[in-house]
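Student: For the sequence shown, my numbering begins at 483 and goes up steadily by one. All residues carry an ideal CB built from backbone N, CA and C; glycine is no exception.
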Amino acid sequence: VQLQASGGGFVRPGGYLKLSCAVSISFHATNTMGWYRQAPGKQRELVAVFAGRGDKIYADSVKGRFTISRDNAKNTVSLQMNNLEPGDTGVYYCGLDQLYLGTRYEYWGQGTLVTVSS
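1) Quick check on the DSSP output: the beta strand (DSSP E) that includes A511 runs from which residue to which?
2) Which residues in the same chain have their Cβ closer than 7 Å to the Cβ of Y587, if we skip the five residues on either side of it in sequence?
3) For the beta strand (DSSP E) holding T549, just list the boundary residues, first then last.
4) I think V598 touches V493, with their Cβ atoms under 8 Å apart; what is that distance to the nearest whole Å?
5) To the nearest angstrom, report how far apart A685 and R547 are at their CA atoms.
6) Could you spell out where the beta strand (DSSP E) holding Q580 opens and where it closes?
7) For T594, is the classification buried or exposed, using 16 other Cβ atoms within 10 angstroms of its Cβ as the cut-off for buried?
8) With V493 as the anchor, note down where its beta strand (DSSP E) starts and where it stops.
9) Could you name the residues that DSSP lists as bridge partners for S599?
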């Protein structure tokens, strides 16, 4: 399983960025899939994921500002980030997990840096 993330960069507070992730498997073969981030000195945290039957789960800190979407035909998952804040700075990872015979397998992309600063 391979994931390739792109779209990070530098933006001023209030700006926007869109991240994209190309996935090598069908979404139907995944348990959850989406975006996580790791700020300097902090643990990786969930930002937005598709779970179960396509339900979307967002971190409270990004609700109303970020939107996760996917293209089933192209096997891509995207994250539109609007009204960015300095607290959104971090390395963003796309990730997915699969469940197989009671075991959970995680897969991660290489990460893309998002910097929000004035």
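Tutor: With the structure as the only source:
1) Note, A511: premise wrong, no beta strand (DSSP E); not H, not E.
2) D579 and Q580
3) F548 to D553
4) For a cut-off of 8 Å, the C-beta gap from V598 to V493 is around 6 Å, short enough to register as a contact.
5) Only positions 483 to 600 of the chain appear in this structure, which leaves residue 685 out of reach.
6) G572 to Y582
7) buried
8) G491 to V493
9) For S599, which the question treats as bridged, DSSP gives no partner whatsoever.
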